[in-house]
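Contents: one structure, followed by commentary.
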Amino acid sequence: MTGAAPDWLEARAPFDDAAREQSLPLLESAAHTLLESTDPGDTVTVVDLGAGTGKSAAWFRRHLTPLLPDRQIAWHLVDGHAPSLELAGEAFPDAGRLLSMMSDLPAALGEHLEETSGRPAPGSLLLTCSAVLDVLTQADVDAVLDTLTRCRGLGLFLLSITEHWHLDPADPRDEQLAQAFTDHQRWGDKLGAHGGQTMAQSARQRGITVETSESPWRLHAPQDAEFIQRFLAERVAAVVEAEPDLQRVAADWLGLRTRQAGGDEGLAVTVDHVDVLLNAR
Ligand SMILES: C[S@@+](CC[C@H](N)C(=O)[O-])C[C@H]1O[C@@H](n2cnc3c(N)ncnc32)[C@H](O)[C@@H]1O
620 MTGAAPDWLE ARAPFDDAAR EQSLPLLESA AHTLLESTDP GDTVTVVDLG
670 AGTGKSAAWF RRHLTPLLPD RQIAWHLVDG HAPSLELAGE AFPDAGRLLS
720 MMSDLPAALG EHLEETSGRP APGSLLLTCS AVLDVLTQAD VDAVLDTLTR
770 CRGLGLFLLS ITEHWHLDPA DPRDEQLAQA FTDHQRWGDK LGAHGGQTMA
820 QSARQRGITV ETSESPWRLH APQDAEFIQR FLAERVAAVV EAEPDLQRVA
870 ADWLGLRTRQ AGGDEGLAVT VDHVDVLLNA R
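For reference, each letter of the sequence shown is one residue, going 620 to 900 in my numbering.
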């Protein structure tokens, strides 16, 4: 499979970290539940799904560790892309690594945990992910939920993109391009902008408790100009791939937005994300 470009994951990491500050109440709620269902000295198993090069796992480790005093935390990273997982292993050498597609998760993770930190006791497993649900299919979501239900665990799935973005100043073409991008993200059977919502709905149908919150990126030129320009250029490339007829409109719009991001008049871009906390304990 093709993974995300490592330099893109590197570039977005500070913006993801800032956005996930808004996810802290859900992380605290997950930690509270894990403390309630384990005793001091017990092992809590945390598995970051779609770990990429390890940026999201590093964030979870930084913020979760102080919330779980007196617990041993066994960290594991799962991804379907071997080169990314290799880089993640260098950044996080004490974590277990599992090369697996999400659809194979229930069997593959069960086997991996048996061989490494051991099968987690009910209530002591936390599955995490960040910026992943949009690239999954319904079958992948079902595989994640099967894993969660079998282990009576928790799931904390952050930064799932939605179809909404807001640019200030607004432009009449913003909505049309957002819609074309949303359509592009649904290639194959991918859930795209519906990933977070689908995970929440599928979990509710299984009787799993669900909480959601929001964690938008808030980007401001001029300080974030370079990232805004790259982000918008990549969106426009995706739009044109999905709808070649939009090439001219998209190129003109990108020219305007690039000038605004690089100039003094300012450009603010908010990119909406949904966070989902699941409790299958
Ligand atoms: C946008 S990256 C996010 C990486 C990391 N969570 C972060 O925040 O930096 C999405 C990751 O999900 C992985 N991925 C996508 N679809 C997958 C699938 N079906 N099975 C396993 N991994 C998958 C990709 O290889 C990629 O590393």
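A virtual CB, placed ideally from N, CA and C, is assigned to each residue, including glycine.
In this text the structure is predicted, and so the values were computed from the model without any measurement.
Burial of G671 is indicated by the presence of at least 16 other C-beta atoms within 10 angstroms of its C-beta.
Around the C-beta of Q848, 16 or more other C-beta atoms lie within 10 Å, and the residue is accordingly described as buried. With distances taken between CA atoms, A819 lies nearest to V895 out of T621, K809, V895, C748.
Listed in chain order, the non-local C-beta contacts of N898 below 7 Å within the same chain comprise T652, L773, I827, T828, local neighbours out to five positions each way being set aside. With a threshold of 16 other beta carbon atoms within 10 Å, L732 meets it and is buried.
Distance between A822 and P688, taken at the CA atoms: about 29 Å.
Segment contact: the stretch 793-809 against the stretch 773-783, three or more CB-CB distances shorter than 8 Å; contact assigned.
Of the candidates A812, Q879, S749, L706, Q879 places its Cα closest to the Cα of P788. Distances taken from the Cβ of S719 to the heavy atoms of ligand 1 include one shorter than 8 Å. A heavy atom of ligand 1 is found nearer than 8 Å to the CB of C748. Between ligand 1 and H695, a heavy atom-to-CB distance of less than 8 Å is absent.
Contact between the stretch 651-665 and the stretch 625-639 is absent: fewer than three C-beta pairs spanning the two stretches fall below 8 Å. DSSP places I847 within a helical segment (H, G or I) once states are collapsed to three. Residue pairing by DSSP places S779 opposite V893 in a beta bridge.
Distances from the alpha-carbon of G807 to those of F634, D891, W872, A861 put A861 closest. Where A693 is concerned, the enclosing beta strand (DSSP E) starts and stops at 691-698.
Secondary structure at D761: helix, using DSSP grouped into helix, strand and coil.
For T828, the enclosing beta strand (DSSP E) has its first and last residue at 828-833. A distance of 9 Å or more separates the beta carbons of W872 and A638.
Rounded to whole angstroms, the Cβ separation of G815 and L752 is 5 Å, and the two are in contact under 8 Å. Going by beta carbons, R716 and H695 fall inside the 9 Å limit.
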